[in-house]
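Numbering (our numbering), first residue to last: 1 to 280. Beta carbons are placed, not taken as given, at the ideal position from N, Cα and C, and that holds for glycine. Please read all numbers here as calculations on a predicted model, not as lab measurements. Read through the structure below, which is laid out as structure tokens, and then see the notes.
Right, here's the structure in full:
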């Protein structure tokens, strides 16, 4: 009988701790128009993964290359969350609302080979980008009672996370930069040039850097990030990388350490504590 009760208690505990999320399409009007012969409103889209528990904290996430989420429906979230996509339950349990960010509709074109036609560094470093995000943040505050904002970018998405952290200042609680891009794309320097000499000391809100010690992507060397990090670096070790060294299945994207890295991110958001090493 005691054995049966123990199993029942464990199952009930799992029911309580397991949290689900509901994907919700968010559209904010940027107050500008695009088009030559016919005008249409420019929209800033995102997908909010609303936890089943109360949440006042959002993590706005910018994906890696091409950097454009191309959101059409609320079901487009998973292909745009990089290594967080299989760990959304952890964020939900912690009461953190994940928000998958897109580029606005006048900047979100992608062509063959996942090549972006817009949303380059000129836009990402601009006040226009910050203002577009402000519109979306205001909507999340008003409609969903979110009042704490963190911004995270992975790989090329760190161009946005860095510049938004600079241009939004203390309007956000912090920024997270994963596998930071520190060298421009050699085929097209419009993508990456603005972070080659980016001054991280200009960021006002709290900063967390995350990088795999054996990241082999030539655009995102670990040594560069380790050199400018000021006691705010999570170094990821171990795992197994396959395929493109700059892709989603390699150490560049924390392959084999995705869940532990997600846990370290949540720990920092909730407590401010930095787990200096993941994977040992």
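Ends of the alpha helix (DSSP H) at residue i?
| i | result |
| --- | --- |
| residue 91 | 88 to 93 |
| residue 129 | 127 to 144 |
| residue 160 | 158 to 168 |
| residue 264 | 258 to 271 |
| residue 228 | 222 to 228 |
| residue 123 | 121 to 124 |
May I ask which residues mark the beginning and end of the beta strand (DSSP E) holding residue i?
| i | result |
| --- | --- |
| residue 214 | Run containing residue 214: none; DSSP gives neither H nor E here. |
| residue 22 | 21 to 34 |
| residue 291 | There is no way to answer for residue 291, as the model of the chain reaches only from 1 to 280. |
| residue 193 | Premise fails: residue 193 is in no beta strand (DSSP E) and is neither H nor E. |
| residue 42 | 40 to 51 |
| residue 97 | 96 to 101 |
| residue 233 | 233 to 236 |
| residue 153 | 148 to 154 |
| residue 176 | 174 to 178 |
To the nearest angstrom, how far is it from the Cα of residue i to the Cα of residue j?
| i | j | result |
| --- | --- | --- |
| residue 121 | residue 190 | 6 angstroms |
| residue 43 | residue 253 | 29 angstroms |
| residue 271 | residue 62 | 23 angstroms |
| residue 187 | residue 53 | 45 angstroms |
| residue 111 | residue 258 | 29 angstroms |
| residue 33 | residue 47 | 22 angstroms |
| residue 184 | residue 90 | 33 angstroms |
| residue 264 | residue 106 | 35 angstroms |
| residue 212 | residue 35 | 42 angstroms |
| residue 154 | residue 98 | 14 angstroms |
| residue 51 | residue 167 | 28 angstroms |
| residue 49 | residue 217 | 30 angstroms |
| residue 148 | residue 58 | 6 angstroms |
| residue 76 | residue 85 | 11 angstroms |
| residue 65 | residue 194 | 16 angstroms |
| residue 163 | residue 21 | 29 angstroms |
| residue 246 | residue 73 | 27 angstroms |
| residue 231 | residue 165 | 18 angstroms |
Are there 16 or more other CB atoms within 10 angstroms of the CB of residue i, so buried, or fewer, so exposed?
| i | result |
| --- | --- |
| residue 243 | exposed |
| residue 262 | buried |
| residue 276 | exposed |
| residue 127 | exposed |
| residue 273 | exposed |
| residue 229 | buried |
| residue 197 | exposed |
| residue 138 | exposed |
| residue 88 | buried |
| residue 130 | buried |
Do residue i and residue j have their CB atoms nearer than 8 angstroms?
| i | j | result |
| --- | --- | --- |
| residue 56 | residue 142 | no |
| residue 260 | residue 215 | no |
| residue 248 | residue 114 | no |
| residue 71 | residue 45 | yes |
| residue 156 | residue 181 | yes |
| residue 104 | residue 68 | no |
| residue 192 | residue 219 | yes |
| residue 236 | residue 279 | yes |
| residue 159 | residue 134 | no |
| residue 210 | residue 96 | no |
| residue 266 | residue 92 | no |
| residue 241 | residue 250 | yes |
| residue 30 | residue 102 | no |
| residue 227 | residue 136 | no |
| residue 60 | residue 152 | yes |
So is the beta-carbon of residue i under 7 angstroms away from any non-hydrogen atom of the ligand PLP?
| i | result |
| --- | --- |
| residue 86 | Ligands displayed in this structure: none; no statement on the ligand PLP is therefore possible. |
At least 3 beta-carbon pairs within less than 8 angstroms: the stretch 219 to 228 vs the stretch 29 to 45
With fewer than three CB-CB distances shorter than 8 angstroms, the stretch 219 to 228 does not count as touching the stretch 29 to 45.
When you compare the stretch 202 to 210 with the stretch 173 to 193, are there three or more beta-carbon pairs, one atom per stretch, that lie closer than 8 angstroms?
When C-beta atoms of the stretch 202 to 210 are compared with those of the stretch 173 to 193, three or more pairs fall below 8 angstroms, so the two segments count as touching.
Indicate whether the contact test is met: 3 or more Cβ pairs, each with one atom in the stretch 78 to 92 and one in the stretch 120 to 138, closer than 8 angstroms.
Flag = no, the stretch 78 to 92 and the stretch 120 to 138 do not touch.
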